[in-house]
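J.: Attaching a single structure in structure tokens format; questions to follow.
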Amino acid sequence: MKQAWDLSYLYLLGHLRRHVYAGAILVGLILLALPSYVSAFSLGTNSFERVSKDFGLTLIGFYGIVMAILIGSTTVARDLQSRALYPLLVRPLSRGVYLSGHLLALAIILGMTLFGLDICLTLALGIKTGKVDFSVGWACYGVFLQSILVGAVCILASLRCSPALAGTVGAATALLGNLSGAFIRFFLVEDRGSAVSAALAKGLKGALPNLTLFSLKDPMVHQLPLPPGYLLSISYYGAIWLAIFMLLGNLIFRRVDL
Amino acid sequence: MTQTPPAIEFRNLRKVYQARGERRVALEGLSLSVPAGEIYGFAGPNGAGKSTSIKILVGLTQASSGSARIFGHQAGTRAARELVGFLPEVTLYHEFMGAEELLAVHARLSGMSRADRKERIPEVLQTVGLWERRASRLKEFSKGMKQRFGIAQAILTRPKLLVLDELTSGLDPQAQANLLSLLEALKAEGLTIFFSSHHLSEIEKICDSVAIVHLGVLRCHGPLDSVLGDGQWCRLTVRFPDQPSPVSTWVRQGDGSFVCRLGRDQISTALEGVNQAGGELLELRDEKDSLESLFHRLTTEPEAQAS
Chain A
305 MKQAWDLSYL YLLGHLRRHV YAGAILVGLI LLALPSYVSA FSLGTNSFER
355 VSKDFGLTLI GFYGIVMAIL IGSTTVARDL QSRALYPLLV RPLSRGVYLS
405 GHLLALAIIL GMTLFGLDIC LTLALGIKTG KVDFSVGWAC YGVFLQSILV
455 GAVCILASLR CSPALAGTVG AATALLGNLS GAFIRFFLVE DRGSAVSAAL
505 AKGLKGALPN LTLFSLKDPM VHQLPLPPGY LLSISYYGAI WLAIFMLLGN
555 LIFRRVDL
Chain B
993 MTQTPPAIEF RNLRKVYQAR GERRVALEGL SLSVPAGEIY GFAGPNGAGK
1043 STSIKILVGL TQASSGSARI FGHQAGTRAA RELVGFLPEV TLYHEFMGAE
1093 ELLAVHARLS GMSRADRKER IPEVLQTVGL WERRASRLKE FSKGMKQRFG
1143 IAQAILTRPK LLVLDELTSG LDPQAQANLL SLLEALKAEG LTIFFSSHHL
1193 SEIEKICDSV AIVHLGVLRC HGPLDSVLGD GQWCRLTVRF PDQPSPVSTW
1243 VRQGDGSFVC RLGRDQISTA LEGVNQAGGE LLELRDEKDS LESLFHRLTT
1293 EPEAQAS
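If you read the sequences in order, they're chains A and B.
Just so you know, we're using my numbering here: the first sequence kicks off at 305 and counts up by one.
Just so you know, we're using my numbering here: the second sequence kicks off at 993 and counts up by one.
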């Protein structure tokens, strides 16, 4: 585990020195200005707060996924292409630990970014409404869990395919994982009458983590109560899928001839 | 009394790559033993199997069959990895890192203690002449400096065996000479150095022993002098009274004399022949093969191609 932390330090520095946070600064500035912009439409205090939260959390969710795809699909691929992993892997270090180091760095950079964006939105809403609302933080936590799983899929795919294809696999996972049962039922079965498409979508969805479980935006925007222990349950659920992806990654990578 | 195992031992090593239904044999039954404390040159043309053998040795690639051992430990195991330092061919490293910073990461990954790191990192940077540039990022380094950094990371953990893949490829002569003297200094410290290259002059210059591999097959190996035939070959120069030469193996020189390269056991017969033909012996001296001619003979002759 100590080796994974040491490696994550290396890759985290790499992400920071390549300025991967630049986009987050832009998104943060947008979030800071968002409530003032929305309130200009004079929708009333309650509506403006909801609309600002909805827009803000949608933006944070989208940004988290895009960042996970971009970093996840290139972090190992860059090492493979430059052969920079050779001197690392000849040390007494397993390939599983090497992958864990990448994942840990991805988790840290995603966590830092999403926490920063959470602070921006909470601060902007607090200034406008005069009260501090922590619900944005819980929604950002859901985005974090979702993004880290999509990033892990990208890392896994990049062991065997190009960064572009790995990114596509990650995007497809995010899309399918967020496909709701209602969408499949209404748009694929009832509306189009396509039983094959519906079965395919259901099959793929069943083989992937259900990312809709991490979507806490609607309950937080509409202030709906979460079932007791829900956050803990989704944390376990995310950790199990992460362990599955890392196990698969290790199985694939240990057989790869470098 | 227990015998010290060889630094490297390849036993009947075979590697077959399979891609899109196509099989390519990279190594075919390679067996080689490298004694400890030597600089051992590993030569061969591009695609001969040098890098594949090295990658199997350091655990980056799995052999299809056969075995590779480092000081008696199976290649790729933790025990073997702890004994080896490796400089890969054309590596870019993590160029966003500073030299000292990246060495610290390597040291931590290898399990070095904080005190040991504090002492060893400046030591290796001084050894390779990069101490003044310790804070510079690797992307600011020239190719020669990157190779020197590569040696620094390879010797960081005080390995017993240093494996270098195409160390001087693409370097200017000055940088090449600097690296070769560095290797000699490291050998003097007791390291075994296994060194792949297709620059034959540098192998001839610094290696104690050499192996030549071609098309995945070991063509020759052993101490440099014995491989080059030192003491086994003679060069005979004679002048015959009436031209041309009596035997077709004589090669005519510009001054009208004839030369011939012979094994030691053939000299008496050849001298008898010269006498009978009324020839005059001008010179008889020892001759050894050059590594370059040996290399060309072993890697381009029809039988080498066929096998």
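Glycine included, every Cβ here is placed at the ideal spot set by N, Cα and C.
Quick check on Leu552/A: does DSSP put it in helix, strand or coil?
T.: helix
J.: Taking Ser1156/B as part of the alpha helix (DSSP H), name the residues at either end of that continuous run.
T.: Note on identity: in this sequence residue 1156/B is Leu, with Ser being the wrong assignment. Careful: Leu1156/B lies outside any alpha helix (DSSP H), inside the beta strand (DSSP E) at Leu1153 to Asp1157.
J.: Should Gly485/A be labelled buried (16 or more other beta-carbon atoms within 10 Å of its own) or exposed?
T.: exposed
J.: Give the residues of chain B in contact with Ala388/A, contact being defined as C-beta atoms less than 7 Å apart.
T.: The answer, in chain order, is Thr1083, Leu1084, Tyr1085 and His1086.
J.: Is there at least one Cβ from chain A nearer than 8 Å to Arg1100/B's Cβ?
T.: yes
J.: Please classify Leu1122/B: does DSSP put it in a helix, a strand, or coil?
T.: In the three-state DSSP reduction, Leu1122/B falls in the coil class, being neither helix nor strand.
J.: Quick one: is Lys1047/B near chain A, going by C-beta distance under 8 Å?
T.: yes
J.: Check the DSSP bridge columns for Phe366/A and list the partner residues they point to.
T.: Phe366/A pairs with nothing; no bridge assigned.
J.: Identify whether Ser1299/B lies in helix, strand or coil by the three-state DSSP scheme.
T.: Since pLDDT at Ser1299/B reaches only 45, below the 50 mark, its modelled position is unreliable, and the value read off the structure follows with that caveat. The answer is coil: DSSP assigns Ser1299/B none of H, G, I, E or B.
J.: Taking CB distances under 8 Å as the criterion, tell me whether Ala1296/B reaches chain A.
T.: Model confidence at Ala1296/B stands at a pLDDT of 49, short of 50, so the residue's coordinates are unreliable; what they give is reported in the following sentence. No, because no Cβ of chain A sits closer than 8 Å to the Cβ of Ala1296/B.
J.: Report the option in Leu562/A, Gly542/A and Pro339/A whose CA atom is closest to the CA atom of Ile452/A.
T.: If we check each option's Cα against that of Ile452/A, Gly542/A comes out closest.
J.: If you compare alpha carbons, which of Asp1200/B, His1206/B and Phe1232/B is closest to Thr1292/B?
T.: Among Asp1200/B, His1206/B and Phe1232/B, the Cα nearest to that of Thr1292/B belongs to His1206/B.
J.: Less than 8 Å between the CB atoms is what I'm expecting for Val355/A and Val342/A, so what's the real figure, rounded?
T.: The distance from the Cβ of Val355/A to that of Val342/A is about 5 Å, consistent with a contact at the 8 Å cut-off.
J.: Strictly under 8 Å for the Cβ-Cβ distance: is Asp561/A near chain C by that measure?
T.: The structure shown contains no chain C; the protein chains it does contain are A and B.
J.: Can you name the residues of chain A whose CB is closer than 7 Å to the CB of Thr1119/B?
T.: Against chain A, the beta carbon of Thr1119/B has no neighbour under 7 Å; the closest one sits roughly 17 Å away.
J.: How would you call Ile1038/B, buried or exposed, if buried means at least 16 neighbouring beta carbons within 10 angstroms?
T.: Correcting the residue type first, residue 1038/B is Asn in the shown sequence and not Ile. By the neighbour-count rule (16 or more Cβ atoms within 10 Å), Asn1038/B is not buried but exposed.
J.: Any C-beta of chain B sitting closer than 8 Å to the C-beta of Pro391/A?
T.: yes
J.: Examine chain A for any beta-carbon lying closer than 8 Å to the beta-carbon of Val1205/B, and answer yes or no.
T.: no
J.: Looking at chain B, which residues of the region 451 to 475 of chain A have a Cβ within less than 8 Å of any of its Cβ atoms?
T.: none
J.: Considering only their Cβ atoms, is the gap separating His1190/B from Ala1035/B smaller than 8 Å?
T.: yes
J.: Would you please verify whether the beta carbon of Val380/A is less than 8 Å from any beta carbon of chain B?
T.: no
J.: If contact is defined by three or more beta carbon pairs under 8 Å, each pair taking one atom from either stretch, is the region 423 to 436 of chain A in contact with the region 327 to 336 of chain A?
T.: yes
J.: Are the C-beta of Gln307/A and some C-beta of chain B separated by less than 8 Å?
T.: yes
J.: What do you reckon, are the CB atoms on Leu1228/B and Val1251/B nearer than 8 Å?
T.: yes
J.: Contact check, Ile1147/B vs Val1097/B under 8 Å by CB: the rounded distance?
T.: In fact, because the Cβ distance is near 16 Å, the residues do not count as touching under 8 Å.
J.: With three or more C-beta pairs closer than 8 Å as the rule, is the region 1058 to 1072 of chain B touching the region 1083 to 1094 of chain B?
T.: no
J.: When we look at the beta-carbon of Lys1135/B and count the other beta-carbons within 10 Å, is it buried (16 or more) or exposed?
T.: By the 10 Å Cβ count, Lys1135/B comes out exposed.
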